Structures are given as structure tokens and as C-alpha cells.
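Protein sequences, first through last, are from chains A and B. Just remember that this note's numbering sits 25 ahead of the position in the first sequence, which is counted from 1. Just remember that this note's numbering sits 92 ahead of the position in the second sequence, which is counted from 1. Here a beta-carbon is modelled for each residue, glycine too, at the ideal position from N, C-alpha and C. All values derive from a computational prediction rather than experimental measurement. Comments concern the structure below.
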Amino acid sequence: MAAFRRGCARWQQVRFLGARAPGRTFAGTHHYDLVVIGGGSGGLACSREAAQLGQKVAVLDHVQPSARGTAWGLGGTCVNVGCIPKKLMHQAALLGVAMDDAGKFGWSIPGPVSHDWSTLAQAVQNYVKSLNWGHRVQLQDRKVKYFNTRGSLLDRHTVRGLDAKGTEMTLTARNIVIATGGRPRYPTHVPGAREFGITSDDLFWLKESPGKTLVVGASYVGLECAGLLAGIGLDASVMVRSVALRGFDQQMAQLVTGHMEARGTRFHWGCVPTSVEKLPSGLLQVKWTEVRSDLERVEREDTFSSVLWAIGRVPETTGLNLPQVGVQLHPDTGKIVVATDERTTVSNVYAIGDVAEGRPELTPTAVKAGKLLARRLAGQSNQLMDYHSVPTTVFTPLEYGCVGLSEESAESRYGKDNIEVYHAFYKPLEFTIAERDASHCYVKVVCDRAGVQRVLGLHFTGPSAGEVIQGFAVSVRCGLTYAQLRDTVGIHPTCAEELTKIHITKRSGLDATVTGC
Amino acid sequence: MAKYEEIQVHGYEEFCKAVSERRGKDIFAYFSGDKDDQGKSWCPDCVKAEPVVRGQLAHLPAGSVFLYCLVGARPYWKDPNNEFKKTLKLTGVPTLLRYGTPQKLVEEECFKADLVRMMFTED
């Protein structure tokens, strides 16, 4: 391995680019053990780990501005336009709810409480920028070479970088990791969509409040955005073509949207947008079709200050030159086809994170996959990433955390008669004096009906769902059984303890509402 | 003509005045503990970092400002309520920061010439 890294003369050769585009300056060719294209959750984790293990590593990161012109620094989607700003703004919304409750707990809040978008946005943006800087310092400190350039593959060992000024360079690499992630999708057949609409790429960087907003799409991105906007006092609506939180447990999805509707977010079910126009006032007029049945369609319209598209994400693979180099893309999703060791159809080219086919679109899985890949590439380990039982949480106004199978997945995999579903509606103690509606607070444990009743899936709607589910995810990975769950003493008074007390089965048909202490 | 302007201040008030007189400029502020008559600071890390930072000044962008600020005596600095800590949110000396941005290098980070150069040369 060492001889290969240092001695092999053929890797030292300068590679010719062939015909170069006129007007571009050329900044030279360099050799690396590993070149990572994409400086997001996966790319940074992989490159840092590889450098720590003694590899010579380079990272190329470049953000193509959104249709609205929004761009951001190092760190990828999570840091800049995903998890981080989302959770901070969700917190702003939760504080609004807390202030509503405060009076009942003895606080006197003089006068109506109002929210200022600019204050929130600036605080969030400043924090994100400090993370951009932190990542930059870390890369430099770990001796990872960083280029703010757009990478593409010239061949399986050569990456070309093009920066904003048109300066071109090439890097030769023994191994290449593609971690370019994805971007929000725009609808293709809705006039005005790209011109007048925004996406999650833009929302967190808006200097002014988005105002009355229509969120199109009931993905977790759509629901989280609509939820936080409603939570800070804006008029937020959600337009849903068919179901909310596709891929998630649908009973839980209905509890999430039910809670949002009960709190005043308008849902347009079974609707598809047809056009977006800008009025002289600057407001947006949206026309849509409500599809009541195959025969009955009603045309509707309304005006909004903002329209936010949350209809899915597309992998960032255009311009990477992948098909020409032999890296296969999935015909439906367009994501990079990978094996269990993250290898693409080109043996020294790997893909991790959102850009890879069949992977969860989550930061922690990209980070872990990146680290494990780096260790394998450095010859330090054979361990593969385990994508099973990955816990996750949707940060809607009523949060939903889960690990393992949805009820429907368990049913289809094991058969309805071979699973046992325990469930309970509970009321968080904090909701009592606050007189808050707890009708959507619910826990569900899906078990294998046979033998020790292994837990297949755990689902929870309620406050701090992410914090609640994290520990249970560890136990599920250890093969948690229903008996072990019931034998665990609960912490009182908490919402999490409901998971240790759960005993009513769906099969029994009994009332699953928890009463008393 | 000098590529950048260097200005030396002592204490929080002078610091604020220097900044307010240079609105719109790219200001790189370096904070150090006071120096004695022999020119040696009570802050050993500042003594170590200063030549490193000064060694990279040639890389400062044209038109920028290098604002060298002596924060005060050791007891003043140790007080958690001093204006630098309270208002500027400084956590230690030496600190090198780019005013109005989250870019900063604190304590041992200032010993690393490549980090200092990175701050001066990248956006």
C-alpha cells in the first residue's frame, strides 16, 4: 500500500486535458490519494477521516446559486439550507408556543407578542456562517486541501476543477468520492414556478419575511417549513397531491398533519398547482386544480406572498461527466448506483450521501458512511456502513420520531397476523395546565408476534421526539424485545416513559388512551 | 503606498472609535494583552502569536485595515464582565478576527501561520 502511494511513477505523470476551452487559465495538475467532490456532511467527514489516517486528500466544494440567486459557504445542505437553519427556526416557532402557554404558568406577558423575521434570519445566518468558517479552519488544520471549485471527472483518476473566475485545474487521484448531494426540484409544467417560487434553498436566507406562504408538497421538508412559518405567526398553507410524508408510517403522518391542521395550517388535499403569476402588487397568484375524483376537478386560486416548492429533491450529478467515465446512474432517480461498500460501477470511484441511490437522505448516515469509507480506503478496516434501523425525526410543530419499520412495511414483510402492534395515546404533563390539545400525541411499537416479540419499529409523536427516540434506537439495534421494553423502568414524569408502559394491542380493539399516572 | 492600514489602539473605547471611523472597510482586528516597558505582554500566548500574525501581514487584502488592540492589564482581562468579553464576545487573547464576520482565530489557532494566511487571503 505504502509503495503504491509513494513510489508508483505512473501516478506522477501529468495528464493532458486535450482541447481546453479558450479564455480559461490553467492552474496545474496535482496528485492525491483521495479527491472528494462535495463539501457537505458526507464529503467533509470522509476527507477529514482520510487525512487523519495519513492520506493526501483534497475536497472540492462549490455551490451553484439557486434560481433566486441564493448561495452559501462550505458545509453542504445540512449546515446551510437544511438541518441547522431548519431546527433553529423550528425552535423559534416552539418558543412562540411556549409564550402562549406562559400565562397559564404564572408569567405575565404584557400585550400581544409578535415575531420579527429579520432578527431570526440574521441570527440563523450568522450562526451558519460561523459553521462555514469552523469547517474551513478544520479542513486547513487537518491538512485537507480545499478548493472552492466545481469538480467533474475527466477520467477515473482525474478530476477537473473550474472556479467562478474560469480558472481550471486538474487533480489526479487514486480514489475519488462523489458527495455532491442534491437540490430541490422545481415543477416542470407549472408556468412561473421557477421565476416566482422559492425553495428550501432560499427560505433560510431571506432577508425579509416570506409572508403568507403556500408550501407545495407534503414531504418532511414541506411540512417542517410550513410548520415553522405557521409557528412564527405567518399564514401558511400546504398543498398535497396525494399523501403526506410518503415512505413514512402513514398513521403517524396523519397525526402530524392532523395536529398542524388543528393549529390553523390550511391543507389543500388532492390538489396540484397549474400556474403562478406575479400581480402588479407584487403578490403571487396561484391557480390550482383540486382533483376530487377522476371525473370531478375544481379549479381554484388564491394570492400569496411566497410560494415554496417542496416536491422532492434531485441528485446533483449534471456536469460531473459521470456517464462518460462509466459511472452508472439509476434510470428513475438519476442517483449514482452504488454497492454495499459505496463503490460505483467504476472500481475506484465511490458515492456517499444524498447523491447515492438507495441511501437515506440524512446527515448522520452520510457522515458515518464517509468515515467508514475513508477507513476502508486507507486499508484500516473492512467495516461496511449499516443502513438498517436508522432513527430519524420530523421536526414539525408536533414532532415525530421513529426507528425501524413502519406498520405497513412490517405488515407487508411479515404478514398482518405475524406482527403485534402496541399503542397508546398519551398526554404530556406540560400540556395539562397549558390546556394544549394532546389528541395527536401517540406512541406505537411494532413487534414480531412470534417468540420473544422483537421490536421491528418504534414510533412517537410528541415534544422532543428526537431526544426521546435516540436512546431507543440503540436498544433496537441490540435486538430489543417487547419484554425488555416492558421490563425497563420508566422515568417519571416524561413522555418517553410511555414507551416502557405500552400494553394495549391494536388487535384487542381496546381503547388505547392512557389514563392517570 | 501601503497595501493596508495599520492602526494601534489601547482599550475598548479606542477600539470602538477606530472601528466607527472605518465603516465599510475590511478590518482585521488582533487583540493582545497589554505590554510592559520592555514591550513584553503579560499574555504568553500573545507573545508567541504576534510574530506569526505579523509575518502574514503582507497577505492582507489591499485597502484593508489591521487593527492592533491592546485590551488592558491582566486583572481587567480576567474580569468576565469586561467590555471585550461582554460586547465583542471575545473568549481569549490572543484573538484575530475579521470584524463583522464570524471569521476568527483564538489562542493556539493564532500560532498557525497557514490559518492566519487563510483568513487574510480567502473570502
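- Around the beta-carbon of S66(A), 16 or more other beta-carbon atoms lie within 10 Å, marking it buried.
- W334(A) places its beta carbon less than 8 Å from that of Y211(A).
- In this structure, L156(A) sits away from G68(A), with a CB-CB distance that is not shorter than 8 Å.
- An exposed status is given to H517(A), since fewer than 16 other beta-carbon atoms sit within 10 Å of its beta-carbon.
- Beta-carbon to beta-carbon, A204(A) and C71(A) are separated by about 7 Å, close enough to satisfy the 8 Å threshold.
- Straight-line measurement puts the Cα of V145(B) at about 8 Å from the Cα of F203(B).
- Annotation: the continuous alpha helix (DSSP H) that includes V149(A) extends over 142–166.
- Look at V104(A): its C-beta is not under 8 Å from any C-beta on chain B.
- Shown here, H151(B) sits in a helix according to DSSP, grouped into three states.
- Using a CB distance cut-off of 8 Å, E200(B) does not count as an interface residue toward chain A.
- With contacts defined as CB atoms closer than 8 Å, L162(B) and S124(B) qualify as a contacting pair.
- In the structure shown, the three-state DSSP call for V122(A) is helix.
- Contact between T421(A) and E249(A) holds: their C-beta atoms lie close to 6 Å from each other, under 8 Å.
- For the segment 159–192 of chain B, the beta-carbon criterion of a distance under 7 Å to any beta-carbon of chain A is satisfied by none of its residues.
- Straight-line measurement puts the Cα of P416(A) at about 33 Å from the Cα of T213(A).
- For R325(A), the enclosing beta strand (DSSP E) covers residues 322–329.
- Listed in chain order, the alpha helix (DSSP H) elements of length 4 or more contained wholly in the segment 357–435 of chain A are 388–402.
- Within the segment 163–210 of chain A, the beta strand (DSSP E) runs of at least 3 residues that lie entirely inside it are, in chain order, 170–172, 175–180, 183–187, 193–203, 207–209.
- A check of alpha carbon separations from K117(B) across P136(B), Y104(B), Q148(B), L159(B) identifies L159(B) as the nearest.
- Contact annotation for Q165(A) against chain B: D206, L207, M210 [CB-CB distance below 7 Å, chain order].
- The C-beta separation of V281(A) from L423(A) comes to about 6 Å, placing the pair in contact by the 8 Å criterion.
- Residues of chain A with a Cβ closer than 7 Å to the Cβ of P194(B) are, in chain order, N151, K154, S155, W158.
- Judged by DSSP secondary structure, Q275(A) falls within the alpha helix (DSSP H) whose first and last residues are 275–287.
- Comparing alpha-carbon positions, the option among Y57(A), G496(A), V470(A) lying closest to K531(A) turns out to be V470(A).
- In this structure, the beta-carbon distance from G176(A) to R167(A) does not fall below 8 Å.
- V514(A): not part of any alpha helix (DSSP H); DSSP gives it neither H nor E.
- By the neighbour-count criterion, in which 16 or more other beta carbons inside 10 Å mark a residue as buried, S262(A) falls on the buried side.
- Among the bridge pairs identified by DSSP, H115(A) is matched with none.
- Taking 8 Å as the cut-off, the Cβ atoms of S234(A) and W97(A) do not count as close.
- Sequence-distant Cβ neighbours of V339(A) in its own chain, meaning closer than 7 Å and more than five residues away, are G207, R208, R210, G359.
- Below 8 Å, too few C-beta pairs join the segment 128–139 of chain A and the segment 263–277 of chain A to call them touching: fewer than three.
- CA-to-CA, the gap between S139(A) and E200(B) works out to about 43 Å.
- Counting only runs of 4 or more residues that sit fully inside the segment 467–521 of chain A, the alpha helix (DSSP H) segments are 490–502, 507–512, in chain order.
- Residue ranges of uninterrupted beta strand (DSSP E) with 3 or more members, entirely inside the segment 52–105 of chain A and ordered along the chain, are 82–85.
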